[in-house]
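Engineer: Numbering (the numbering used here), first residue to last: 756 to 1076.
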């Protein structure tokens, strides 16, 4: 389900009990009484947005509104809301997707991809700095910037991606690394080293420690976006040993709960050692954002905002214990 800002506000009122537990009371109008704060015992709890809200093309204002209502002050943000604020035609963002397509659709997507490339090479980065200020004024830090389809970027657009990350204040870029394209990590790592910004490679159930270690070996700033749920579902073991071994290469986590049979379930219901992972980060004082990635089925009678609030609260309690 996709949410507008008005719907997010209405849902926030429904999450009052959870929000109160998180220490961010809401007014009767749904406004937060103080700036959000989701750093607990030194560990930064964050959100993968706008993905968590179910709409990657949600405006930056609506994303910010949802984060503040949930009391979360740091995010992994996709590039789309930033680029929309900078003035990119939305048709260029929606016209470059993947999947089955007719020859006509393929031609249209190719044209859109080229137009988007041209737009990015002359994009107004000053607007991105305005976007950053808007977020920081509200108390929300953009710590990671995520790009879709980054493996298809030419050199000029890759430079733009890293410059955009700097403009919004991100210390890392995140992207997908398909297991059959590990060689791409070398090229991307060259740009990460050039710009001195980490790049966190994300993978799904087929991602293995060996693949990440191949990426680490070819560039100083190559890192891992460690999805602890996918790690459990795919590798059938705990991610804690990998976390301890490579903590200095981990840009951020994706926190979700999965079973060893790769089923996504509510936090605390699966085999993913969420509590142990969070406490290992806390006790070692590692600067790794614990980024909640909301994916489990919404229970009957509940809604997305209520469930995300429960996830935030679960992580808070884990760190406070």
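Idealized CB from N, CA, C, for every residue including glycine. Computed from a predicted structure; not experimentally measured.
When the Cβ atoms of the stretch 1034-1047 are set against those of the stretch 858-876, are three or more pairs found closer than 8 angstroms?
Structural biologist: At 8 angstroms Cβ cutoff, the stretches do not touch.
Engineer: Comparing C-alpha positions only, which one of 979, 839 and 891 sits nearest to residue 878?
Structural biologist: Measuring from the Cα of residue 878, the nearest candidate turns out to be 839.
Engineer: Would you call the stretch 908-923 and the stretch 950-965 in contact, with 3 or more CB pairs under 8 angstroms?
Structural biologist: Yes, the stretch 908-923 touches the stretch 950-965.
Engineer: Would you check if the distance between the CB atom of residue 894 and the CB atom of residue 828 is smaller than 8 angstroms?
Structural biologist: Cβ atoms of residue 894 and residue 828: closer than 8 angstroms.
Engineer: On a CA-only basis, which of 1076, 1029, 987 and 789 is nearest residue 1015? Give me that one, please.
Structural biologist: Residue 1015 has its Cα closest to that of 987, out of 1076, 1029, 987 and 789.
Engineer: Quick one: what's residue 833 bridged to in DSSP?
Structural biologist: In the DSSP output, where bridge partners are listed per residue, residue 833 has 901.
Engineer: Provide the residue span of the alpha helix (DSSP H) that contains residue 938, from first to last.
Structural biologist: Taken as a continuous stretch (DSSP letters only), residue 938 belongs to no alpha helix (DSSP H), as it is neither H nor E.
Engineer: On the DSSP bridge assignment, give the partners of residue 1045 in chain order.
Structural biologist: Paired residues: 800 and 1008.
Engineer: Residues bridged to residue 929 by DSSP?
Structural biologist: The partner list for residue 929 (beta bridge, DSSP) reads 901 and 955.
Engineer: Between 836, 910, 927 and 797, which has its C-alpha nearest residue 898's C-alpha?
Structural biologist: Closest option to residue 898, Cα to Cα, is 927.
Engineer: Would residue 836 and residue 818 qualify as a contact pair, given that the criterion is a beta-carbon distance under 8 angstroms?
Structural biologist: In contact: residue 836 and residue 818 (Cβ atoms closer than 8 angstroms).
Engineer: Quick check on DSSP: helix, strand or coil for residue 786?
Structural biologist: Caution is warranted here: a pLDDT of 46 is assigned to residue 786, below 50, making its placement in the model unreliable, and the coordinate value is therefore given only provisionally. In the structure shown, residue 786 sits in coil (DSSP, three-state: anything other than H, G, I, E or B).
Engineer: Is residue 794 helix, strand or coil when you go by DSSP?
Structural biologist: Residue 794: strand per DSSP, three-state reduction.
Engineer: With distances taken from CA atoms, which of 965, 834 and 859 is nearest residue 929?
Structural biologist: Out of 965, 834 and 859, 834 has the C-alpha closest to the C-alpha of residue 929.
Engineer: Mind listing, in chain order, the continuous alpha helix (DSSP H) runs of no fewer than 4 residues lying wholly within the stretch 949-1004?
Structural biologist: Qualifying alpha helix (DSSP H) stretches, in chain order: 964-973, 983-990 and 995-1001.
Engineer: List the whole-angstrom C-beta distance separating residue 1039 from residue 1002, where the pair is believed to meet the contact cut-off of C-beta under 8 angstroms.
Structural biologist: With a Cβ gap of about 7 angstroms, residue 1039 and residue 1002 count as contacting.
Engineer: In terms of residue numbering, what span does the alpha helix (DSSP H) encompassing residue 845 cover?
Structural biologist: Its alpha helix (DSSP H) spans residues 845-849.
Engineer: Between residue 799 and residue 1013, what straight-line distance do the alpha-carbon atoms span, to the nearest angstrom?
Structural biologist: Their backbone Cα atoms lie some 22 angstroms apart in a straight line.
Engineer: Kindly list the residues whose CB is nearer than 8 angstroms to the CB of residue 794, restricted to its own chain and excluding five residues on each side of it in sequence; keep chain order.
Structural biologist: Closer than 8 angstroms at Cβ, skipping near neighbours: 800, 828 and 829.
Engineer: With distances taken Cα to Cα, identify the nearest neighbour of residue 1076 among 1037, 967, 954 and 880.
Structural biologist: Ranking 1037, 967, 954 and 880 by Cα distance to residue 1076 puts 1037 first.
Engineer: With respect to the alpha helix (DSSP H) encompassing residue 906, which residues constitute its N-terminal and C-terminal limits?
Structural biologist: Run containing residue 906: none; DSSP gives neither H nor E here.
Engineer: Any idea which residues DSSP pairs residue 1013 with across the strands?
Structural biologist: Looking at the DSSP assignment, residue 1013 forms a beta bridge with 1019.
Engineer: Around the C-beta of residue 934, are 16 or more other C-beta atoms found within 10 angstroms, so that it is buried, or is it exposed?
Structural biologist: Flag for residue 934 reads exposed.
Engineer: In angstroms with no decimal places, state the Cα-to-Cα distance between residue 1055 and residue 814.
Structural biologist: The straight-line gap from Cα to Cα measures roughly 28 angstroms.
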